[in-house]
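In the working numbering, the protein residues as written are 985 to 1189. Note sheet for the following structure.
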């Protein structure tokens, strides 16, 4: 369970609307010195900087990668809710279009979702020229023990065996880091995740 101190820091970060605001919270809470920081990719000597910096030339494309991951997470959740392992080569959809047809109902299904509710919400706040962008999706989510793999991994083959997802190379989620701040030392993204209740054991909170 999250401690009251961690929850307090999390709420402060969620209310921050600029990179400078996030940096101030991290400094005031002494997280830059005292937190258990780990390198993205899991290794100190990995050329993670080059991989992150070299993915996208434009911030718009990096942002689209985030939305792509949300779409993948929604489709994987719908697949698991039917009791199908997304990596099952026999039962799982063989393509993105087949997954959309099967789980959402094709174009009519997309139109129905737009009218009824949204599985992905995007909003901006803060400075006009440097807004804080937030994406919220109703995807499969992750349990705490599994969170470092999908979020902090780099080039792991987490989705390589899933035929119907678009983001297969496990790098796009970090592409936005180089654009997530005004100064190179103040680039942050906050990831908050919870496993979908439909996929969790009933005794798991």
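By construction, the Cβ of each residue, glycine as well, lies at the ideal position given by its N, Cα and C atoms. In this text, all values refer to a predicted model and were calculated from it rather than measured experimentally.
task: Report the residue ranges of all alpha helix (DSSP H) runs contained in full by the segment 1098 to 1137; include only those spanning at least 4 residues, in chain order.
output: 1132 to 1136
message: I need the boundaries of the alpha helix (DSSP H) containing residue 1081, first residue and last residue.
response: 1080 to 1087
field: alpha helix (DSSP H) segment containing residue 1071, residue limits
entry: Element bounds for residue 1071: n/a, residue is neither H nor E.
task: Go through its chain and collect everything with a Cβ distance to residue 1127's Cβ below 7 Å, but skip five positions before and after it.
output: 1179
query: What does a CB cutoff of less than 6 Å around residue 1118 pick up in its chain, not counting 5 residues either side in sequence?
result: 1107
query: Is the beta carbon of residue 1123 less than 9 Å from the beta carbon of residue 1103?
result: yes
- prompt: Going straight from the alpha carbon of residue 1021 to that of residue 1136, what length do you get?
  reply: 11 Å
task: Give me the Cα-Cα distance between residue 1068 and residue 1057, rounded to the nearest whole angstrom.
output: 14 Å
message: Just to confirm the assignment, what range does the alpha helix (DSSP H) spanning residue 1173 have?
response: Here residue 1173 belongs to no alpha helix (DSSP H), and DSSP marks it neither H nor E.
task: For residue 1049, count neighbouring C-beta atoms within 10 Å of its own C-beta (all shown protein chains included) and say buried if the count is 16 or more, exposed if not.
output: buried
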